[in-house]
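**Q**
Number of protein chains: 2
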Amino acid sequence: MPIIAHELAKKQKEISVAEFFERNKQILGFDTTTRSIITTVKEGVDNALDACEEAEILPDIHIEIKHLEGNDYQIIVEDNGPGIVKRQIPHIFARLLYGSRFHSLRQSRGQQGIGISAVVLYAQLSTGHPTLVTSKIGKNLPAHQYELAIDTKKNLPEIISDQMQHWDKESGTQISLIIKGKYVKHKKQSVYEYLKSTAIVNPHAQITFIEPDGEKIIFERVSTDIPPSPMEIKPHIYGTELGTFIKMARDTKARKLTSFLRKDFSSISLDKAREIVKKSDLNFMDKPQQISREDAKRILEESQKIKLMAPPLNCLSPIGEILIKRGLKKETQEISPEFITTVQRTPQVYQGNPFLVETGIVYGGKLPQDDQVSILRFANRVPLLYQQGDCVITRAMEKTDWRRYGLQQKGGRGIPYGPTLFLIHVASTNVPFTSESKEAIASYDEIEKEIRLSLQQCARTMFRHLRKKERKSKAKDKFLLISKILPQIANKAAETLGKPPVAIDEIITQIMDILWIEDEVTYEKKEESWITKSKITLTNYMTKKQQFTLYAIKPHEAIVHQVTPQPTVVTDTYLKWHIKNLSSNAKQEICFELTGIDKGDFDDNDLYIQGINPLHVIGAEKWEGD
Amino acid sequence: MPIIAHELAKKQKEISVAEFFERNKQILGFDTTTRSIITTVKEGVDNALDACEEAEILPDIHIEIKHLEGNDYQIIVEDNGPGIVKRQIPHIFARLLYGSRFHSLRQSRGQQGIGISAVVLYAQLSTGHPTLVTSKIGKNLPAHQYELAIDTKKNLPEIISDQMQHWDKESGTQISLIIKGKYVKHKKQSVYEYLKSTAIVNPHAQITFIEPDGEKIIFERVSTDIPPSPMEIKPHIYGTELGTFIKMARDTKARKLTSFLRKDFSSISLDKAREIVKKSDLNFMDKPQQISREDAKRILEESQKIKLMAPPLNCLSPIGEILIKRGLKKETQEISPEFITTVQRTPQVYQGNPFLVETGIVYGGKLPQDDQVSILRFANRVPLLYQQGDCVITRAMEKTDWRRYGLQQKGGRGIPYGPTLFLIHVASTNVPFTSESKEAIASYDEIEKEIRLSLQQCARTMFRHLRKKERKSKAKDKFLLISKILPQIANKAAETLGKPPVAIDEIITQIMDILWIEDEVTYEKKEESWITKSKITLTNYMTKKQQFTLYAIKPHEAIVHQVTPQPTVVTDTYLKWHIKNLSSNAKQEICFELTGIDKGDFDDNDLYIQGINPLHVIGAEKWEGD
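Line order of the protein sequences matches chains U and L.
Heads up: take any position in the first sequence, counting from 1, add 1, and you land on the working numbering.
Heads up: take any position in the second sequence, counting from 1, add 1, and you land on the working numbering.
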């Protein structure tokens with residue numbers, strides 16, 4: 002009888018990574034022809050933005066899509082980045098799993114070394130066409146142009162042609178591909194939507210887009226500040242897996258255990274390194290290359306028990322509350338929203354990787370009242386358009402009880418309904434995507450929790466705003482009613498009794514029994530910049546004089562200019578006044594000016610009060626401490 | 002000024018596929034420690050089942066999980082498959098992208114050559130332990146035992162030890178790993194659930210599971226029929242991408258264009274090959290290795306216009322309606338469901354890949370009335386436990402209007418509510434998973450449509466059953482009421498008028514005006530097998546004699562034994578009788594017997610009628626044609 006295993010063995014063989022993805026193109030985001038065009042543009046633009054960011058250049062990106070024949074489309078993406086040196090071009094564009102960002106820990110759009118070569122692979126697979134790449138690295142140098150294909154059996158570049166060329170550009174890269182696709186205009190999942198969302202979270206980028214029908218759309222930059230290029234960091238020992246630790250110990254150049262810990266990990270001082278080594282019953286002179294699995298395990302276990310600093314955070318590049326607000330404002334103009342608020346959380350760590358969450362909420366205006374809310378998801382400044390169902394962002398949304406914040410939600414679970422748009426941005430040195438198409442983030446508890454907290458923080462502000470509006474309007478109604486009817490009753494009574502009419506002001510005050518706060522924000526142009534002027538009016542409709550503390554929240558980025566009266570305290574985030582003596586029926590005005598921000602960046606006062614029962618205050622909330 | 006591109010170039014380098022997945026373990030299904038245990042068992046069991054299937058052996062699989070210390074668990078999976086030849090063991094278990102099933106087109110659980118080595122990678126990453134693999138390929142041969150690790154920088158096996166060993170087993174493979182994990186018992190997402198679901202769709206497998214607390218669970222096989230090992234097929238030209246076609250033409254051994262088309266693709270005859278070549282303005286003697294991109298494009302375009310046979314379908318291995326029903330019945334015993342129905346659709350093609358959908362519905366019993374329905378998803382006989390949100394199966398469920406089938410569903414969209422459990426199995430030579438963790442199927446239109454049709458077909462049967470029950474019960478109430486009250490009224494009237502009571506039967510018949518059909522299924526043991534006996538009773542409660550055709554549906558697999566009266570037609574799927582003359586108030590009995598199926602496989606008659614207004618029939622539906 003023949004041995005079956007021998008028969009089976011004949012078929013066993015190696016699979017090249019390019020062959021693998023050629024067969025499984027859906028994993029890379031090329032399942033439908035519509036999505037294939039979006040994925041192609043996305044990978045091109047992500048690469049372009051990363052290149053500009055690394056070189057600290059203000060990005061100026063051109064995208065053009067041309068309809069050729071049948072289902073064939075030509076897609077061109079061009080940037081003004083630093084360019085790519087000649088010998089690297091074939092590897093970067095025509096070899097999967099090749100790149101610069103995989104081995105360095107810092108926030109970037111590309112991490113995997115797959116994206117752009119996946120597009121070249123798809124072009125070749127779907128239309129048989131090679132890809133044209135042109136790149137120039139400096140002013141007085143020629144540009145290089147390559148025609149590239151991928152030898153999928155070997156996963157190596159195949160150079161079809163290679164020539165020097167003149168290019169009227171200081172530096173930059175252009176990629177031109179022909180793919181099978183289907184172009185849709187103005188859909189929820191479209192190139193236009195992808196670019197619009199990209200513009201929101203990359204306010205420093207200028208993006209020009211020419212559609213197949215010739216329409217030209219420009220997404221103007223709203224900020225000329227180049228985001229600082231994120232720093233590269235070492236891994237943090239808290240989240241390091243044992244296997245990784247053993248490999249690092251084997252490969253390190255350090256000769257002593259303590260220097261290995263200090264130099265190959267972030268946030269370990271010499272003292273801490275010694276402490277870890279000692280508690281693990283090892284000697285600091287031990288060679289890291291020679292430690293056993295058990296030694297390594299002990300070191301890891303002991304280091305979890307020691308209090309170490311968090312990883313440094315300059316490896317992250319958040320967008321910032323003001324820039325997100327500005328982006329949202331610009332892109333939701335047609336909706337004329339009632340209210341926009343944004344929150345940036347402090348960085349956290351999951352499995353040793355620093356990450357940070359930023360969120361924004363747009364409320365009201367023309368947003369539909371009874372539809373599900375819209376969710377714009379972002380990872381490292383890249384919009385995520387597909388696989389919403391399995392993303393940690395969606396999960397965090399679904400697990401929040403939105404009924405507490407005034408939205409409709411069946412049973413307090415699931416995507417809520419209401420006139421609201423959410424923006425959520427997760428930034429990390431290593432975003433844990435669920436697949437190579439990078440459209441959904443895996444559900445790590447730490448990330449889910451941060452998103453939830455961030456959403457709640459934003460939602461509270463939104464809810465406060467709605468409640469303030471509602472309470473003000475109710476109090477106003479009451480006020481009008483009283484000031485209209487009470488005098489009439491008083492007059493009628495006096496008339497009936499044949500007595501002179503009484504002064505009614507004090508009685509109104511007695512009935513109202515509130516501290517009424519009005520506020521107003523205006524802007525004044527001064528040379529090239531804007532001054533934001535906030536005026537707060539306090540009126541004491543209570544029978545006694547009042548003494549209390551008022552807090553006005555300000556954006557981190559804004560600089561406090563003139564203030565009257567003199568505040569007691571000014572911090573990064575608020576101004577504070579002690580109001581010592583506001584007599585009954587008296588009014589007081591408080592004014593402050595902010596500079597360093599644009600018109601509209603600050604458009605609604607967020608006021609808090611202390612030392613007075615908040616139930617008697619209209620226009621400010623109870624101060625809950627810093 | 003230094004050229005930035007030069008600086009950036011220094012960091013560009015190759016990424017090994019093992020390094021890539023070491024960093025992105027969540028893509029492989031190792032994001033949480035709970036899921037890591039499930040994924041490990043899943044990859045082990047999938048491999049074991051595939052091995053047995055290839056060798057046509059009835060699988061007998063043992064799984065044991067032991068809790069070591071802290072978060073460390075040992076996981077052992079053992080099969081009685083054909084074993085693996087010595088030199089292949091290191092490559093299969095300690096090298097990613099290596100295997101036998103990637104390059105062959107036929108249905109199998111593993112396709113990617115990643116799964117089992119991913120588990121070895123995770124063991125090494127999370128606990129630093131190598132993996133122990135023992136395999137034996139024949140009765141009088143020794144077993145080989147390897148201790149294996151993966152050199153992640155090179156993606157190559159590292160052999161820690163290698164020895165011969167005695168093993169009291171004819172042939173088989175055992176893998177033993179130590180991983181970081183968290184064991185949960187009895188949760189929706191657990192090893193137990195995974196194995197239970199696996200047992201449903203692999204009724205020929207015997208699975209023994211020992212939990213960390215020592216509890217031993219046996220999932221008994223319910224069928225001793227080994228499913229035929231699916232045949233390997235050639236790709237179909239309809240779904241072949243241009244790039245793939247060009248590569249195939251370049252690599253073929255055929256010397257003529259026509260023989261290339263005939264031999265390297267399925268379902269192309271010589272005539273068709275000649276027709277394609279001719280219509281593409283080429284010569285059949287042309288060498289396929291030399292055709293241009295344009296020639297290739299024309300051939301592909303022309304072949305889409307020619308009617309070719311579908312790809313051969315013996316590459317697929319469906320479970321079958323009866324076996325799914327049996328599996329569902331066995332695993333839902335505690336629920337005592339009211340009704341189970343299953344459907345197997347005919348195979349279809351997406352992008353050149355044959356695929357097939359099977360579904361089952363379990364209704365009623367102890368299933369919760371007001372919860373969302375449960376969905377059991379399967380691909381190539383493997384349960385899918387994660388990423389439900391982004392699976393084409395979920396999408397097809399959500400896009401079906403379930404209100405039409407008696408379930409609750411807000412707005413006719415989304416997962417419905419009701420006492421129902423769905424089973425959906427997608428089988429294909431190439432299941433398009435959304436990631437390497439193989440938990441969700443990408444949304445190809447063709448697949449989504451087939452799932453929808455299959456669900457609707459099942460749902461219609463369920464709905465018919467519910468309606469039949471409801472109509473019968475209503476008619477019965479009416480019947481009882483009439484036969485009780487009418488005689489009383491008649492007697493009273495006769496008494497009052499002093500006349501003798503009239504015969505009331507005909508009047509009852511006049512009022513009922515229906516054909517009443519009762520049916521009953523019983524079983525009789527005969528030697529080792531069962532005879533299923535179905536008795537149908539027709540009663541004509543109409544004033545005129547009736548003539549009509551009756552259809553009784555039978556399972557494909559069942560063999561028709563005795564039938565009285567003689568049916569007019571017997572097909573694979575139904576029996577048909579012409580009832581020529583059923584007088585008013587007369588009764589007729591129809592009996593048929595089925596063999597070749599088990600007790601309970603057929604437990605409810607599905608009857609149709611033609612030639613009579615179906616509104617006057619209780620117990621059968623209108624026949625809509627074959």
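Quick reminder that beta carbons are idealized off the backbone N, C-alpha and C, glycines included.
Quick caveat, the model's predicted, so the values are computed rather than measured.
(1) Starting from the beta carbon of Ser-375 (chain U), find every residue of chain L whose beta carbon is closer than 9 Å, and list them in chain order.
(2) By Cβ distance below 7 Å, which residues in the same chain neighbour Phe-285 (chain L) in space, the five residues on each side in sequence not counted?
(3) Output the residue ranges of the beta strand (DSSP E) runs that lie fully inside the stretch 18-91 of chain L and measure 3 residues or longer, sorted by chain position.
(4) So what does DSSP say about Arg-299 (chain U), is it helix, strand or coil?
(5) Taking C-beta to C-beta, are Phe-464 (chain L) and Gly-407 (chain L) nearer than 8 Å?
(6) Return the bridge partner residues of Asp-252 (chain L) from the DSSP annotation.
(7) Is the Cβ of His-7 (chain L) closer than 8 Å to any Cβ of chain U?
(8) So which of U:Leu-498, U:Phe-480 and U:Asn-492 has the shortest CA-CA distance to Asp-514 (chain U)?
(9) Looking at the structure shown, is Thr-199 (chain L) part of a helix, part of a strand, or coil, going by DSSP?
(10) Could you list which residues in chain L have their beta carbon closer than 7 Å to that of Arg-378 (chain U), in chain order?
(11) Report the start-end ranges of each beta strand (DSSP E) in the stretch 412-477 of chain U that is 3 residues or longer and not cut off at the edges.
(12) Going by CA-CA distance only, name the one from U:Lys-400, U:Leu-422, U:Ile-394 and U:Ile-16 that's closest to Arg-414 (chain U).
(13) Where do the ends of the beta strand (DSSP E) carrying Gly-173 (chain U) lie?
(14) Show which residues of chain L have a CB atom less than 9 Å away from the CB atom of Lys-298 (chain U).
(15) Tell me the DSSP secondary structure of Leu-377 (chain U) in three-state form.
(16) Which residues in chain L have a C-beta closer than 8 Å to the C-beta of Arg-294 (chain U)? List them in chain order.
(17) Could you give the residue range of the alpha helix (DSSP H) that holds Tyr-387 (chain U)?
(18) Got a sec: is the Cβ-Cβ distance from Lys-14 (chain U) to anything in chain L below 8 Å?
(19) From the DSSP secondary-structure annotation, give me the bridge partner or partners of Met-165 (chain L).
(20) Can you pull the chain U residues whose beta carbon is under 9 Å from the beta carbon of His-426 (chain L), in chain order?
(21) For the alpha helix (DSSP H) that Ala-124 (chain L) lies in, which residues bound it at each end?
(22) I'd like to confirm the pairing. Which residues does DSSP put opposite Tyr-406 (chain U) in its beta bridges?
(23) With distances taken Cα to Cα, identify the nearest neighbour of Ile-238 (chain L) among L:Ile-179, L:Ala-495, L:Gly-139 and L:Pro-313.
(24) What residue range does the beta strand (DSSP E) around Glu-594 (chain U) cover?
(25) Express the C-alpha separation of Ala-495 (chain U) and Ile-505 (chain U) in angstroms, rounding to a whole number.
(26) Short of 8 Å in beta carbon distance, which residues of its chain neighbour Leu-487 (chain U), apart from the five on each side in sequence? Order them along the chain.
(27) Give the DSSP-derived three-state secondary structure of Lys-485 (chain L) in the structure shown.
(28) Can you grab the Cα-Cα spacing for the pair Lys-288 (chain L) / Ser-281 (chain L), in whole Å?
(29) Between which two residues does the beta strand (DSSP E) containing Gln-548 (chain L) stretch?
(30) How about the stretch 93-107 of chain L and the stretch 4-15 of chain U: do they share at least three Cβ pairs that are nearer than 8 Å?
(31) Going by C-alpha to C-alpha distance, which of U:Asp-73, U:Pro-384 and U:Thr-430 sits closest to Gln-1 (chain U)?
(32) Tell me whether Phe-266 (chain L) sits in a helix, a strand or coil according to DSSP, three-state version.
(33) Could you check where the alpha helix (DSSP H) with Glu-322 (chain L) kicks off and where it finishes?
(34) Give the DSSP bridge partners of Asp-152 (chain U), in chain order.
(35) Cα separation between Pro-319 (chain U) and Thr-40 (chain U)?
(36) Under the three-state reduction of DSSP, which class applies to Ser-318 (chain U): helix, strand or coil?
**A** On the basis of the coordinates in this document:
(1) Neighbours of Ser-375 (chain U) on chain L: none; closest Cβ ~17 Å, over 9 Å.
(2) Lys-257, Leu-258, Thr-259, Arg-275 and Val-278
(3) 61-68 and 73-80
(4) helix
(5) yes
(6) Answer by DSSP bridge pairing: none, since Asp-252 (chain L) is not bridged.
(7) yes
(8) U:Phe-480
(9) helix
(10) Per Cβ cutoff of 7 Å: no residues; Arg-378 (chain U) is ~13 Å from chain L at best.
(11) 421-429
(12) U:Lys-400
(13) 173-181
(14) Thr-128 and Gly-129
(15) strand
(16) Gly-129 and His-130
(17) Element bounds for Tyr-387 (chain U): n/a, residue is neither H nor E.
(18) yes
(19) L:His-145
(20) Result: empty, since nearest Cβ-Cβ is about 19 Å, beyond 9 Å.
(21) 116-128
(22) None, per the DSSP bridge assignment.
(23) L:Pro-313
(24) 588-596
(25) 12 Å
(26) Ile-505, Ile-508, Ile-509 and Ile-512
(27) helix
(28) 14 Å
(29) 547-554
(30) yes
(31) With chain U running from 2 to 627 in the structure shown, residue 1 (chain U) is simply not present.
(32) coil
(33) 322-332
(34) U:Leu-157
(35) 24 Å
(36) coil
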